[in-house]
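**Student:** For what it's worth, full-length UniProt numbering labels the leading residue of the sequence shown as 1, then goes sequentially.
The C-beta atom is built at its ideal place from N, Cα and C for all residues, glycine as well.
Since the structure is predicted, the reported quantities are computational estimates derived from the model, not experimental observations.
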Amino acid sequence: MENIDLRTVTVERYLQPLREGGSLPALADADDGYKYVLKFKGAGHGSRMLISELLGGEIARKLGFKVPELVFALLDVDFGRTEADEEIQDLLKFSEGTNLALHFLSGSINYDPAVMPINELLSSQIIWLDAFITNVDRTYRNTNMLMWNKELWLIDHGAAYYFHHSWDNWETSAKTKFPQIKDHVLLKNAIQLEKVDLEFKALLTDEFIDNLVDKIPDEWLETEAYKMNENEMREVYKSFIKIRKEHTINFINEANDARKNLV
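1) Of all the options Ile-109, Asn-135, Glu-12 and Leu-63, which has the alpha carbon lying nearest to the alpha carbon of Leu-122?
2) According to the neighbour-count rule (16 or more other Cβ atoms, all chains shown, within 10 Å of its Cβ), is Asp-137 buried or exposed?
3) Would you list the one or two residues that DSSP bridges to Trp-170?
4) For a minimum of 3 consecutive residues, which ranges assigned as the beta strand (DSSP E) are wholly contained in the stretch 213–246?
5) Using C-beta distances below 7 Å, list every residue in its chain close to Glu-12, excluding the 5 sequence neighbours before and after it, in chain order.
6) Verify whether the separation of the beta carbon atoms of Pro-68 and Ile-155 is less than 8 Å.
7) Using the three-state DSSP reduction, which class does Tyr-132 fall into: helix, strand or coil?
8) Compute the distance between the beta-carbons of Phe-178 and Ser-95, then report whether it is under 8 Å.
9) Skipping 5 residues on each side, what residues in its chain have a beta carbon closer than 7 Å to that of Val-236?
10) For Glu-230 and Leu-50, I'd like the C-alpha separation in whole angstroms.
11) Looking at the structure shown, is Leu-105 part of a helix, part of a strand, or coil, going by DSSP?
12) Where does Tyr-34 sit, in a helix, a strand or coil, going by DSSP?
13) Pop quiz: Arg-244 and Ala-174 are said to be a contact at Cβ under 8 Å. What is the actual Cβ separation, rounded to whole angstroms?
14) Tell me, please, which residues DSSP counts as bridged to Glu-151.
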């Protein structure tokens, strides 16, 4: 059985907001002695963003990418009452319970495509990942990659799986060509997508997908809004990922065509 273990920590201290993120993530201390980039379920897209972060980040890790450790982060009901900023105080209040956090990579720097070239294989692997998880947010404007200890790390997958912002026609969305890939920062060098496709699909077994989706906390699933129970919503996520795996040729062809237009 493919086991996926996510630790749970308790947030002890809110250090500072990271205002470059639209959802107001924060740097925080937890009870295990580490610092984390904390993503709040009470923020803009709320728990759907956390689900995207969880699924996208752990799929990336399964495929062999370096991704900061993801942990469930508990916020106590009294946490943040002494916060002076009303916006942040409201954010903390609406985020009581289980949130998501990424291990803080102290001293990391943003990936700069102008001075940090990435080879064709790694470019193809990242393109495949982002097209597979429908991640619209790895562009020149915001690469969402860090260099840490001379290695490339992938962060911020909260913009993936955008189908779940409406749930309409999710089966059709699972087969999308993902035309947004044309804006990807690494598209130009991604010439090995067919090779990557065979390797990556073999890693993403149905057992892994099921186990990963089952990690989504009940409190993150907006059952009332979509008139489904928790298990029904999880089944949609599982089916979406599996259908997408069966139709990777759609986004591979789209990416190859978009890359040719760059040359």
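**Tutor:** So, from the listed chains and residues:
1) Residue 122 sits at position 122 when you count from the first residue of the sequence shown. Comparing Cα-Cα distances from Leu-122 to each of Ile-109, Asn-135, Glu-12 and Leu-63, the minimum goes to Leu-63.
2) Counting from one through the sequence shown, the residue named residue 137 turns up at place 137. The residue is buried, with at least 16 neighbouring Cβ atoms inside 10 Å.
3) Counting from one through the sequence shown, the residue named residue 170 turns up at place 170. Note: Trp-170 sits in no beta bridge, so no partner.
4) none
5) If you number the sequence shown from 1, residue 12 lands on position 12. Taken in chain order, the residues that qualify are Asp-29, Ala-30 and Asp-31.
6) Position 68 of the sequence shown, counted from the start, is the residue given in the question as residue 68. Position 155 of the sequence shown, counted from the start, is the residue given in the question as residue 155. Their beta carbons are under 8 Å apart, which means Pro-68 touches Ile-155 by this criterion.
7) Residue 132 sits at position 132 when you count from the first residue of the sequence shown. A quick correction: the sequence has Phe, not Tyr, at residue 132. Here Phe-132 sits in helix by DSSP.
8) By 1-based counting over the sequence shown, the position of residue 178 is 178. By 1-based counting over the sequence shown, the position of residue 95 is 95. No, the pair does not count as a contact, with Cβ atoms beyond the cut-off.
9) As a working mapping, residue 236 is identified with position 236 in the sequence shown. Same-chain partners within the cutoff: Trp-170.
10) In the sequence shown, residue 230 corresponds to position 230, counting from 1. In the sequence shown, residue 50 corresponds to position 50, counting from 1. Answer to the nearest angstrom: the Cα atoms are 16 Å apart.
11) By one-based count along the sequence shown, residue 105 stands at place 105. The answer is coil: DSSP assigns Leu-105 none of H, G, I, E or B.
12) Here residue 34 corresponds to residue number 34 of the sequence shown, with the count starting at 1. Coil.
13) Along the sequence shown, one-based indexing puts residue 244 at 244. Along the sequence shown, one-based indexing puts residue 174 at 174. So it is a contact: roughly 5 Å between Cβ atoms.
14) As a position in the sequence shown, residue 151 is number 151, starting the count at 1. For Glu-151, which the question treats as bridged, DSSP gives the partners Trp-148.
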